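These notes are about the structure you will find just below.
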Amino acid sequence: MATELAQTKKRINIELSGIIIGKLDKLARKADASRAELIRSLISESLVRKEKEGIELAMKEGYLANYGFVKESNSDWDFTSGDGI
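Mapping of the sequence shown onto the working numbering: residues 80 to 164, in sequence order.
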């Protein structure tokens, strides 16, 4: 899989302010990584976090959309006889 990822790398050019580059370089030194490695890592982490947020939002929306149905159908599954059992 690592070789597949290496083959799919593409070079991009972006412009960043000097302040951001300075912060990246400082963090890269602390992490003992290159600037490029750090940027790839930060982007990957951000993408994973955004994907997770999207899934959680979809789950929440699905729950809220079906809440009324679930609440109403709970009585169909209530097999207690009301005697505390």
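The beta-carbon is built from N, C-alpha and C at its ideal position, and this holds for glycine as well. These figures come from a predicted structure and were not determined experimentally.
Handout entry: Extent of the continuous alpha helix (DSSP H) to which residue 98 belongs
Key = If you number the sequence shown from 1, residue 98 lands on position 19. From DSSP, the alpha helix (DSSP H) with residue 98 extends over 97-110.
Problem - Cβ neighbours of residue 103 in the same chain (closer than 8 Å, five flanking residues each side left out) - result: The residue given as residue 103 occupies position 24 in the sequence shown. So the qualifying residues of the chain are 95, 114, 117 and 118.
Practice task
Using three-state DSSP, classify residue 91 as helix, strand or coil.
Solution key: Here residue 91 refers to the residue found at position 12 when the sequence shown is read from its first residue. Note: residue 91 maps to coil in three-state DSSP.
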